[in-house]
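Encoded as structure tokens, the structure appears first; notes follow it.
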Amino acid sequence: MKSLQIVFLVSMLIMALVIADSEKEESAFQTYVTKNPATPSSESESESEEVLASLRGGKGLRGHKNVRGGMTCDKYPRVCRAKGSQGPDCCRKKCVNVLTDTNNCGNCGKKCKYSQVCCKGKCVNPMFDKHHCGKCGNKCNKGDACVFGLRCAKVSSGGELGVWSRVEGEVLSWCIQRQKMVSSQVVNTYPLSSYTFGTKEPKMEKDTSVADRLARMKVNYMKEGMRTSVEGILLVQEHNHPHILLLQIGNTFCKLPGGRLKPGENEIEGLKRKLTSKLGANSPALVPDWQIGECVAIWWRPNFETIMYPYCPPHITKPKECKKLFLVHLSEREYFAVPKNLKLLAVPLFELYDNVQRYGPVISTIPQQLSRFQFKMITN
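Under mature numbering (1 follows the signal peptide of the UniProt record, and there is no 0), residues -20 to -1, 1 to 360 are what the sequence shown spells out, in order.
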């Protein structure tokens, strides 16, 4: 009987201890809740911090997936306003700036043409647009025109500045009209035997190699700007076929007579000066009466390289050289004095045509440039 009482007392004591311990843990939990209340503001703040960390590339919790790649502007427009965004506008799930983007100019999907740029949401051609000459916002003064995106120039009715003419409402062409220029679609060509050829002192080249020539061109460009050169196409006839007079340097290199203009020099007067220097006699009485005709071609040098193009590439705003080829009308009889270190060759058009490897792209395309003229073969 006494043993049962002892077991009962021990069991009651254990139960009392268990109850007391549970009350202690509950009070401790209540104390923690009181000191650290889980309010909705703290939960949302911690959640936003976790999302922000994931957007910035933070690691976050273990197994948490970085959702940066899935944040596209079509679902989350505010990502385009974040720092480092490509633009504030959303086009096809990409952040762009419709004021400057050439693929989304003004509106999503509106692409500008190859030669155009996007300026304030409009596609413009910086080569000729007088409100955006060369670059966006470069506005020409009233009465000026944009010259190939290089500068703004005055427009006149003729004379030495030239005339800008609009073709089909969009294309602007630079029509070179000079008071001293001979304009004729009929070209009189006389036999090669009608002309007299002599020699004079050598005309040494300023450069010994192509690299030296390009280096000198770069130095002159830094001082004077774009190089402007003019060359003359002198025509004679042999066997009832037009021939062009070329100067040969050494055994392989051929070029048209002409050269670089002085800063501000008139093209026609400059070409006459160069022709006299290359082929004119020392006596003023024997100097040919150069009759400069139309400009048949314009070539551009984008960089300090040997490559030239019959157009100025639209992305080139500062070309290094502009070369113009003029047709020269010869009289029936003239005297040409050739420097002793050069040779004067009469090359037929069929030899020049498409012969780029021998004569280069400028000279080999002269037959195409002269195809619009009518040649009148005059015999003795």
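The beta-carbon is built from N, C-alpha and C at its ideal position, and this holds for glycine as well.
Residue of the options minimising C-alpha distance to residue i
{"i": "H221", "options": "R281, G340, V327 and Y56", "result": "V327"}
{"i": "K356", "options": "Q217, V342 and P319", "result": "Q217"}
{"i": "V167", "options": "A317, H223 and H219", "result": "H223"}
{"i": "L310", "options": "V97, L225 and N77", "result": "L225"}
{"i": "F284", "options": "T176, L(-8) and L194", "result": "L194"}
{"i": "F233", "options": "L251, T188 and L255", "result": "T188"}
{"i": "H219", "options": "K258, S173 and I229", "result": "S173"}
{"i": "N321", "options": "I229, R253, N335 and I296", "result": "I229"}
{"i": "V190", "options": "C98, K115 and T286", "result": "T286"}
{"i": "S257", "options": "E185, N121, I296 and Y339", "result": "E185"}
{"i": "F177", "options": "V308, P319 and H112", "result": "P319"}
{"i": "E181", "options": "A317, S164 and Q349", "result": "A317"}
{"i": "E249", "options": "V308, Y333 and L236", "result": "V308"}
{"i": "R352", "options": "I358, L329, K183 and Q165", "result": "Q165"}
{"i": "N262", "options": "K183, C113 and I296", "result": "K183"}
{"i": "V342", "options": "M288, L329, P57 and E331", "result": "M288"}
{"i": "E247", "options": "K235, A(-5), K303 and P171", "result": "K303"}
{"i": "I213", "options": "P290, L329, N231 and K115", "result": "L329"}
{"i": "K235", "options": "A277, S344 and E245", "result": "S344"}
Continuous beta strand (DSSP E) stretch holding residue i: start and end
{"i": "L214", "result": "R207 to E218"}
{"i": "G178", "result": "T176 to K180"}
{"i": "L255", "result": "Counting along the chain, L255 falls outside any beta strand (DSSP E), though it belongs to the alpha helix (DSSP H) covering E247 to L259."}
{"i": "I358", "result": "No beta strand (DSSP E) contains I358, which DSSP labels as neither H nor E."}
{"i": "F233", "result": "F233 to K235"}
{"i": "F108", "result": "No beta strand (DSSP E) holds F108; DSSP gives it neither H nor E."}
{"i": "G238", "result": "G238 to R240"}
{"i": "N168", "result": "V166 to T169"}
{"i": "C126", "result": "D124 to V127"}
Pairwise C-alpha distance: residue j and residue i
{"i": "D269", "j": "F306", "result": "15 angstroms"}
{"i": "I346", "j": "G123", "result": "36 angstroms"}
{"i": "S145", "j": "C132", "result": "For S145, the pLDDT reaches just 39, beneath the cut-off of 50, and the residue's location in the model is therefore unreliable, although a value from the coordinates is still provided. When rounded, the distance between both Cα atoms is 15 angstroms."}
{"i": "G67", "j": "M206", "result": "36 angstroms"}
{"i": "A265", "j": "E211", "result": "23 angstroms"}
{"i": "E312", "j": "V199", "result": "42 angstroms"}
{"i": "E5", "j": "L(-12)", "result": "Because E5 sits at a pLDDT of 48, beneath the cut-off of 50, its placement in the model cannot be relied upon, and the point is left open."}
{"i": "C75", "j": "D69", "result": "5 angstroms"}
{"i": "I(-15)", "j": "L(-8)", "result": "11 angstroms"}
{"i": "T179", "j": "E314", "result": "14 angstroms"}
{"i": "R196", "j": "E204", "result": "12 angstroms"}
{"i": "P299", "j": "T208", "result": "10 angstroms"}
{"i": "V267", "j": "G260", "result": "5 angstroms"}
{"i": "K119", "j": "C99", "result": "12 angstroms"}
{"i": "V97", "j": "T82", "result": "6 angstroms"}
{"i": "K93", "j": "K254", "result": "40 angstroms"}
{"i": "T52", "j": "V59", "result": "8 angstroms"}
{"i": "W279", "j": "E301", "result": "8 angstroms"}
{"i": "N84", "j": "V78", "result": "5 angstroms"}
{"i": "M202", "j": "S65", "result": "38 angstroms"}
{"i": "H340", "j": "L325", "result": "The sequence as given places Gly at residue 340; His does not occur at that position. Between G340 and L325, the C-alpha separation is close to 16 angstroms."}
{"i": "K102", "j": "G86", "result": "6 angstroms"}
{"i": "I156", "j": "N121", "result": "Residue confidence is low: I156 scores 40 on pLDDT, short of 50, so the model does not pin down where it sits. Its coordinate-derived value is still stated next. Cα-Cα distance, rounded: 22 angstroms."}
{"i": "K55", "j": "R72", "result": "11 angstroms"}
{"i": "P293", "j": "R281", "result": "10 angstroms"}
{"i": "residue 362", "j": "A62", "result": "Residue 362 is absent from the structure shown; the chain starts at -20 and stops at 360."}
{"i": "K252", "j": "F108", "result": "31 angstroms"}
{"i": "V336", "j": "H295", "result": "26 angstroms"}
{"i": "H111", "j": "Q348", "result": "36 angstroms"}
{"i": "P237", "j": "L227", "result": "7 angstroms"}
{"i": "G149", "j": "G89", "result": "Residue placement at G149 cannot be trusted, given a pLDDT of 34 that sits under 50; what the coordinates show is reported in the next sentence. G149 and G89: Cα-Cα distance of roughly 25 angstroms."}
{"i": "A125", "j": "Y291", "result": "19 angstroms"}
{"i": "T297", "j": "P57", "result": "37 angstroms"}
DSSP beta-bridge partners of residue i
{"i": "E301", "result": "R207 and R281"}
{"i": "C103", "result": "C98"}
{"i": "C292", "result": "Paired residues: none, contrary to the question."}
{"i": "C71", "result": "K74"}
{"i": "P328", "result": "H223"}
{"i": "V59", "result": "Note: V59 sits in no beta bridge, so no partner."}
{"i": "R131", "result": "V127"}
{"i": "Q228", "result": "C234 and K323"}
{"i": "F316", "result": "F177"}
{"i": "L(-8)", "result": "Partner(s): none; L(-8) has no beta bridge."}
{"i": "L307", "result": "I213"}
First through last residue of the alpha helix (DSSP H) which encompasses residue i
{"i": "Q337", "result": "V336 to S344"}
{"i": "F353", "result": "Where F353 is concerned, there is no enclosing alpha helix (DSSP H), given that its DSSP letter is neither H nor E."}
Query raised in the report: Are there three or more Cβ pairs, one per stretch, closer than 8 angstroms when the segment 272 to 281 is compared with the segment 224 to 243?
Result: Counting Cβ pairs under 8 angstroms, fewer than three are found: no touch.
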